[in-house]
Amino acid sequence: MSGGAAEHASTPDDPENLKLITLARAALGRTGAAQGAAVRDTEGRAYAAASVHLEHLTLSAVAVAVALAVSSGAGGLEAVALVAAQEPSDSDLDVVRDLAADGVVVWWTDARGTVQSMIEL
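Structure (structure tokens):
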């Protein structure tokens, strides 16, 4: 991960962050994709998505979830959850930064929902 991010591993105390993890896990389970993600905008709305791997289109779950938020009129993000075997990529973090509100948090968990890291941007 690139500079400007603080990384910690803990379980979220906020039920809204736990909800994001649950939504991301559900997106992963529903689709069987490589990744599931959910984002919460600054209005409190949540958007869940799975990664896309087609012959002519490949998008991470974070990119799809952020695109859903933007296309629904979100002006900023306050939290992100990624369920995946690998940590958020630098490009995923850059996509989040494009729409991040102050202090946005990115939760990375495994498929069971065990937090692997919490990144503050």
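According to numbering that gives the first Met the number 0, the sequence shown is numbered sequentially starting from 0. From the three backbone atoms N, C-alpha and C, an ideal C-beta is built for every residue, glycine too.
Of the residues His52, Arg39, Ala78, which one's Cα is nearest the Cα of Thr30? His52
Tell me whether Asp91 sits in a helix, a strand or coil according to DSSP, three-state version. helix
How would you label Thr57, buried or exposed, when you count the other beta carbons within 10 angstroms and need 16 or more for buried? exposed
Whether Val65 touches Val105 by CB criterion (8 Å): no
Could you work out which residue in Arg24, Ser116, Asp12 is closest to Ala48 when comparing CA atoms only? Arg24
Out of Arg111, Val79, Leu67, which one is the CA nearest neighbour of Gly13? Just to set this straight, residue 13 is Asp in the shown sequence, not Gly. Of the candidates Arg111, Val79, Leu67, the one whose C-alpha sits nearest the C-alpha of Asp13 is Val79.
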